[in-house]
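Peer 1: Heads up: the sequence lines are chains A and B, in that order. For the first sequence, the working numbering begins at 1 and goes up steadily by one. For the second sequence, the working numbering begins at 632 and goes up steadily by one.
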Amino acid sequence: MTRQLRAMRSSERQSVSPSPDGDSPTDEVNRDSMSELLKVPDLPDRIRQRDVSSATAVRLGVISAVCGTAILAVVLLVMSSEVLTAPTPLTVTSIAGLVGACLLCGIFTGVWVWAEATLARRAGGVGLLRFLCSYFLGGGLVGLLLVTLAPRTGFALRGPPALTIVSIAVAATCGAVILGVIHDGRNRIQRVRDELVAQATDVVLTGTSQGTEVALLRQTLNAELRTSLQPHLDAAAFQLAAEATRINSEVTASAARLLEDLNDASVRPLSHRLQRRAISAGVSVGPLSFIRGVTRHQPFRPGMVTAIFLLTSVPSTWVNAGFPAATVSALVGSALIYLILGLGNVIMARVPQWHSVIFIGFFVLLQVPWMATEAIEDPIMSASRAAGWGATVAISACILWLTSGIGEWRAQQASLLRLYADDIDMARLQLQAQDEVVRALTKESARALHGALQSRLAACILALDRAAAANDPQAHAEAMGQARAVLAEPWPVSDEPTTQSTLADGVRTKVDLWQGIADISCVVTPDAVNVPNNVAHIAVAIIEEALCNAIRHGGANTIMVRVSTAGDHHSRELRVQVTDDGGGVSGPQRGLGTAYLDQACPGRWQRSTHASGGCQLDVTIPLEPLETETC
Amino acid sequence: MGQILVVEDDGFTRMLLRSQLRELGHEIIGDVGTSAEAMMLIRSSRPTLVILDLDLGPGPSGVDVAYAVRKFVPSSGILVLSTYVDIRLIGDFRPLPPGAVFMVKRSLSDVSTLEAAMAAATDRELAQEIHRLQQTQRLRRLRDGQVEIMRLVASGLSNAEIAKARGIEEASVAKAVARLISQLDLSSTHARSPRVLITQAYFGFVAGAMPTRIGTSTS
């Protein structure tokens, strides 16, 4: 990576076109390939690595345990206030038992959140292990403790223990999920967002320091050449300053846009961006897609809800209405749960702000033990009681589908954060590309000022001196005219042909440049002369790259360049072949040259090493059919 | 001295160099502006000394030509001229071929320096001695990586970006920056950012001198 980067930089410097506008297609190609090379692949990884640490897991667990206990205790005490107005030994025991159960549920909540966080950190996501640990082990633990406590609590004695345990387990489960997941998710999103904001700030700072660089260079140039070349310096400085200002303002504007997007206090902007950019890739709406989405993304949560449903509702239906009815209700209920969970995902993805609904649902769910107690006190299965049961199940399902929606929502937000990271990467790449352009521009202007311009002016001064010495007004006028011409056009005319009339001319120019460093022979077949200008440009650029590589890296003495066309009128292609006698390449070695070919070559390319040493590059560029071509 | 070939793309400098060498009584077998012409002359007439500009415009650079001279006419001495005190400053990290002598263009005006450099370029042992002496200069003492970090700092990159570009830890970049400060004898007691000091030093080296202040007169 580093080597490529450095090679890229040096090549950028050497291959840059001397024309100061820097907008020729070669530059575009170079910039593209550079962006490709400069791409920073590890940012999403870093975002993933920023998952909870073990200390955070413990902290989350403790917070969740305290919060869970407090909420449960408050709600249960409020629910039992009627009983407390007329206390009997039995109700006091019952309340004491409830408070004990609250404490246990709180501890369970804490342990579960800790386990979730830890396992998520280790396994990097939802898995069977996580589910088993967090739900069945935790739930089993609470159940066992409650059963142990049951004989001593009036509350538990008044209803079937299994029902109570299941109800409390459901409540505790939901509490844990809500507190832990929301807290954890918020924290993580906040951290990642802060990091992204810091990066965006960094981008702004870099943009500013680029302006400083240009300013410094300008000062250096000014100081050195002020006396003799003031007008041209001003022109160059203007050009540099204009370019720097333009680049700076572009960079600042794009970074400001990023900052604006990121720098809102809540997570809501994220969710809005989510709606615009990530939703289309997320869950699509459709009756079956709900179920598909849930099964694919959260295979365990619907199973959990279904299990609760089957445990709580189906046995009573079986007892009261018989086996067929129980089977039908189990099937319909399970299908309904999957559908509801899918719908939950969609709703959470579209309106993630609704997580407050979950809190409300949580309090509603805490009515479950009370409802159960009431139902047990009246053992006859009345219509109102059946409705109560239905409501309980519906509420449990509701809570859990909202909860499962959070998982989906978080997954989508993670992908959204990756999108942001990509944005910032892209901005930085653009910045680096602009940096290269500024560098090339300043170097070109310095060279022009130092070299060509200086000599042209010196020639004018000599001519003026001669005219003055000879006292020849006409020669003097001519010299003045020359000097004015130089001043009017301070940038020397580019040595490199900007428009190549034919492919052959372009190839010939490049070969002539490198001729002598190695013996280069060049054949352009007559049929290859009339190829379109854009193809010719690419072919010439590829040939120069190949020549440069063969000489610098291969140490070649003899190089053969052959350009020809092949195929019939319907599928023509341009073939470029560069053969050298250098050291060749061992194996599939890749570097700047190959990256350049990947970027620049619109066709295929192949590099082979001869057994006798030397290297051969074959490039094939498809041409448009002859009929559509201008002749 | 023998036969000398001058390769310099800038016509003015070429003319100056030629007239100066003539005045010193040397035999010039040619003065050319492109590498292709240079290589043709070198391979046909095998000059004793090739005076070579590092920057020859588009196409091969002076380093490419120097290597080609070493390859085709190993007996020729090579004197490489550059406006930069160290070519690594512009990101070219290829060393010159053995026996080639490097000289900053600014020193051309000093006749004795030019004569000494030409003598060294035709004498391998002397060339090595000169090379060894040049390596003890303050900038040459810096390793390639340090020069590159200097250039990147001057380009306005943050430590994190330099770390990413060079594939090293961010802490190492901070350390390298601190080491650069001490090795370049840049005192950071003026309550100025070390990055600004390094940037100034870089542009100072690029411009050929080491200014103590750039841009402070305006404040």
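Where a beta carbon is used, it is the ideal one built from N, C-alpha and C, also for glycine.
(1) Along the chain, where does the alpha helix (DSSP H) that runs through S521(A) open and close?
(2) Does the CB of P691(B) have a neighbour CB from chain A at under 7 Å?
(3) Quick check: what's the CA-CA separation for D684(B) versus I520(A)?
(4) Look up F733(B) in the DSSP assignment and give the residues it is bridged to.
(5) Quick one: using the 10 Å Cβ neighbour count with 16 as the cut-off for buried, is F155(A) buried or exposed?
(6) Got a sec: is the Cβ-Cβ distance from D581(A) to anything in chain B below 7 Å?
(7) Which first and last residues belong to the alpha helix (DSSP H) in which S743(B) is found?
(8) For E544(A) and V511(A), what's the separation of their Cα atoms in angstroms?
(9) Tell me, to the nearest whole angstrom, how far the beta carbon of A330(A) is from that of V314(A); I am working on the premise that it is less than 8 Å.
(10) Quick one: list the residues of chain A neighbouring S666(B), beta-carbon separation under 9 Å, in chain order.
(11) The alpha helix (DSSP H) spanning D695(B) covers which residue range?
(12) Between T679(B) and the ligand SAM, is the CB less than 6 Å from at least one heavy atom?
(13) Whole angstroms are fine: how far does the CA of C601(A) sit from the CA of E624(A)?
(14) For a contact defined as C-beta to C-beta under 7 Å, what are the partners of I551(A) on chain B?
(15) List the whole-angstrom C-beta distance separating M734(B) from L712(B), where the pair is believed to meet the contact cut-off of C-beta under 8 Å.
(16) For I570(A), count neighbouring C-beta atoms within 10 Å of its own C-beta (all shown protein chains included) and say buried if the count is 16 or more, exposed if not.
(17) A669(B) touches chain A at which residues, Cβ-Cβ below 8 Å?
(18) Could you list which residues in chain C have their beta carbon closer than 9 Å to that of A748(B), in chain order?
(19) If you measure between the beta carbons of A697(B) and L727(B), is that distance less than 7 Å?
(20) Using 7 Å as the threshold, is the C-beta distance between L720(B) and F836(B) below it?
(21) Select from L310(A), S316(A) and A321(A) the residue whose C-alpha is nearest the C-alpha of I337(A).
(22) Which residues mark the beginning and the end of the beta strand (DSSP E) in which C615(A) is found?
(23) Going by C-alpha to C-alpha distance, which of G555(A), A611(A), L513(A) and L464(A) sits closest to Q482(A)?
(24) Does the Cβ of F363(A) have 16 or more other Cβ atoms within 10 Å, making it buried, or fewer, making it exposed?
(25) If you check the beta carbons only, do A546(A) and V507(A) fall under 7 Å apart?
(26) Kindly list the residues whose CB is nearer than 8 Å to the CB of A747(B), restricted to its own chain and excluding five residues on each side of it in sequence; keep chain order.
(27) By Cβ distance, which residues of its chain are closer than 7 Å to C326(A), with the 5 residues on each side in sequence left out?
(28) Just tell me which of S707(B), I829(B) and A802(B) has its CA closest to the CA of S813(B).
(29) Considering Cα atoms alone, identify which of V827(B), S675(B), V638(B) and I659(B) is closest to G787(B).
(30) Nearest chain A C-beta to A731(B) closer than 7 Å, yes or no?
(31) Counting only the same chain and skipping the five closest in sequence on each side, list residues whose C-beta sits under 8 Å from that of I780(B).
(32) Answer yes or no: does any C-beta atom of chain B fall closer than 7 Å to that of C615(A)?
(33) Would you mind giving the Cβ-Cβ distance between T620(A) and R607(A), rounded to the nearest angstrom? I have them listed as a contact below 8 Å.
(34) Can the beta-carbon of A528(A) be found closer than 7 Å to that of V561(A)?
(35) Answer yes or no: do R649(B) and D640(B) have a C-beta to C-beta separation smaller than 7 Å?
(36) Return the first residue and the last residue of the alpha helix (DSSP H) that G642(B) is part of.
Peer 2: Inspection of the coordinates gives the following:
(1) Numbered from its first residue, the first sequence carries residue 521(A) at position 521. Premise fails: S521(A) lies in the beta strand (DSSP E), D519 to V524, not in any alpha helix (DSSP H).
(2) Here residue 691(B) is taken as the residue at index 60 of the second sequence, counted from 1. It does; some Cβ of chain A falls within 7 Å.
(3) Numbered from its first residue, the second sequence carries residue 684(B) at position 53. Numbered from its first residue, the first sequence carries residue 520(A) at position 520. One C-alpha to the other measures close to 23 Å.
(4) Translated into the one-based positions of the second sequence, residue 733(B) becomes position 102. Per DSSP, V711(B).
(5) Here residue 155(A) is taken as the residue at index 155 of the first sequence, counted from 1. Unreliable positioning characterises F155(A) in this predicted model, as indicated by a pLDDT of 39, which lies under 50. The coordinate reading is nonetheless provided below. So F155(A) ends up on the buried side.
(6) Here residue 581(A) refers to the residue found at position 581 when the first sequence is read from its first residue. Judged by the 7 Å Cβ criterion, D581(A) is not in contact with chain B.
(7) Residue numbering aside, residue 743(B) sits at position 112 when the second sequence is read from its first letter. Looking at the DSSP string, the run of the alpha helix (DSSP H) that includes S743(B) is V742 to A752.
(8) Counting from one through the first sequence, the residue named residue 544(A) turns up at place 544. Counting from one through the first sequence, the residue named residue 511(A) turns up at place 511. Between E544(A) and V511(A), the C-alpha separation is close to 8 Å.
(9) In the first sequence, the residue the question calls residue 330(A) occupies position 330. In the first sequence, the residue the question calls residue 314(A) occupies position 314. Here A330(A) really is in contact with V314(A); their C-beta atoms are around 5 Å apart, less than 8 Å.
(10) Position 35 of the second sequence holds residue 666(B). In chain order: L513, W514, Q515, G516 and I517.
(11) As a working note, residue 695(B) is residue 64 in the second sequence. Per DSSP, D695(B) belongs to the alpha helix (DSSP H) from G693 to F703.
(12) With respect to the ligand SAM, the structure shown offers nothing to examine, as it has no ligands at all.
(13) Position 624 of the first sequence holds residue 624(A). Position 601 of the first sequence holds residue 601(A). Rounded to whole angstroms, E624(A) to C601(A) spans 15 Å at the Cα level.
(14) Your numbering for residue 551(A) matches position 551 in the first sequence. D695, listed in chain order.
(15) Taking the first residue of the second sequence as 1, we reach residue 734(B) at position 103. Taking the first residue of the second sequence as 1, we reach residue 712(B) at position 81. Sure, about 6 Å apart at Cβ, within 8 Å.
(16) By one-based count along the first sequence, residue 570(A) stands at place 570. One point to set straight first is that residue 570(A) is His, not Ile, in the sequence displayed. Its Cβ having fewer than 16 others within 10 Å, H570(A) is exposed.
(17) By 1-based counting over the second sequence, the position of residue 669(B) is 38. Correct list: G516.
(18) Checking the listed chains, one finds no chain C in this structure; the protein chains it contains are A and B.
(19) Here residue 697(B) refers to the residue found at position 66 of the second sequence. Here residue 727(B) refers to the residue found at position 96 of the second sequence. Result yes, Cβ atoms of A697(B) and L727(B) sit closer than 7 Å.
(20) As a first step, residue 720(B) is located in the second sequence; it is residue number 89 there, counting from the start. As a first step, residue 836(B) is located in the second sequence; it is residue number 205 there, counting from the start. Yes, these two residues count as a Cβ contact at 7 Å.
(21) Counted from its first residue, the first sequence places residue 337(A) at position 337. Looking at the Cα atoms, L310(A) is the closest of the given residues.
(22) Numbered from 1 along the first sequence, position 615 holds the residue referred to as residue 615(A). That run of the beta strand (DSSP E) goes C615 to P622.
(23) Counting from one through the first sequence, the residue named residue 482(A) turns up at place 482. Selected option, being the one with the closest Cα: L464(A).
(24) Here the question's residue 363(A) lines up with position 363 in the first sequence. Low confidence applies here, because F363(A) scores a pLDDT of 48, under 50, leaving its location unreliable; read the following figure in that light. F363(A) should be labelled exposed.
(25) Within the first sequence, numbered from 1, the residue matching residue 546(A) stands at position 546. Within the first sequence, numbered from 1, the residue matching residue 507(A) stands at position 507. No, the pair does not count as a contact, with Cβ atoms beyond the cut-off.
(26) To locate residue 747(B), count along the second sequence from 1; it is residue 116. Result list for A747(B): empty, nothing under 8 Å.
(27) Walking along the first sequence from the start, residue 326(A) turns up at place 326. Per the sequence shown, residue 326(A) should be read as Ala rather than Cys. For A326(A), where only same-chain residues beyond five positions count, the Cβ hits under 7 Å are V314, T317 and W318.
(28) Counted from its first residue, the second sequence places residue 813(B) at position 182. Checked all of S707(B), I829(B) and A802(B); the closest Cα to S813(B) is I829(B).
(29) The count along the second sequence starts at 1 and reaches residue 787(B) at position 156. Comparing Cα positions, the closest option is V827(B).
(30) As a position in the second sequence, residue 731(B) is number 100, starting the count at 1. Chain A, which has no Cβ nearer than 7 Å to the Cβ of A731(B), makes this no.
(31) For this step, residue 780(B) is matched to residue 149 along the second sequence. Counting only Cβ-Cβ distances below 8 Å, and skipping sequence neighbours, we find I793, R797, V804, A807, V808 and L811.
(32) Within the first sequence, numbered from 1, the residue matching residue 615(A) stands at position 615. Answer no: the Cβ-Cβ gap between C615(A) and chain B never drops below 7 Å.
(33) For this step, residue 620(A) is matched to residue 620 along the first sequence. For this step, residue 607(A) is matched to residue 607 along the first sequence. Not confirmed; about 13 Å, so no contact.
(34) Counting from one through the first sequence, the residue named residue 528(A) turns up at place 528. Counting from one through the first sequence, the residue named residue 561(A) turns up at place 561. No; because the gap between Cβ atoms is not below 7 Å, this pair is not in contact.
(35) Here residue 649(B) is taken as the residue at index 18 of the second sequence, counted from 1. Here residue 640(B) is taken as the residue at index 9 of the second sequence, counted from 1. The answer is no: Cβ separation not under 7 Å.
(36) Sequence index remark: in the second sequence, residue 642(B) carries index 11 (1-based). Residues G642 to E654.
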